[in-house]
Amino acid sequence: HAAEEIATTLGVKYLVTFTQSGDSARRMARLRSSIPHLAFTPDPTTRARLAVTWGTETYTVPTVSHTDDMVNQVDQLLQSSGLANEGDRIVVVAGMPPGTVGSTNSIRVHKIGETYSR
22 HAAEEIATTL GVKYLVTFTQ SGDSARRMAR LRSSIPHLAF TPDPTTRARL AVTWGTETYT
82 VPTVSHTDDM VNQVDQLLQS SGLANEGDRI VVVAGMPPGT VGSTNSIRVH KIGETYSR
């Protein structure tokens, strides 16, 4: 719920969820936000299950070991597909460490075009 409130207050372009099992994405979808919801998962089975989730567009992405890599993935995909432009803001909900089911514990506001390196 906090992610949706932040997104609404800041006027972001997308709510983005990284999910292993799909639970985080389904919880976000239950909010029925007016902000488009994108879910990213490394699991094709999870992607298939999320295909029928209200208001959620789902993408399969490679598994990564750090949340910065997750954000860089979505940044690149959104720009290359024309879904977002440099400077657009998104709210990212994810778990740390990545790939651990039930670990959703972070919210990040990201500006498209900014990349992270470790």
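Here our numbering is used: the first residue of the sequence shown is 22, the next is one more, and so on.
Glycine included, C-beta positions come from ideal geometry on N, C-alpha and C.
- For Val95, the enclosing alpha helix (DSSP H) has its first and last residue at Thr88 to Ser101.
- Taking C-alpha positions only, Glu26 is separated from Val130 by approximately 12 Å.
- The beta carbons of Gln100 and Ile56 sit no closer together than 8 Å.
- Distance from the CA atom of Ala105 to the CA atom of Ile111, rounded to whole angstroms, is 9 Å.
- Taking all protein chains in view, the Cβ of Leu31 is surrounded by fewer than 16 other Cβ atoms within 10 Å, so the residue is classified as exposed.
- DSSP places Thr30 in the uninterrupted alpha helix (DSSP H) bounded by Ala23 to Leu31.
- In this structure, the straight-line span from the alpha carbon of Ala46 to that of Val114 is close to 9 Å.
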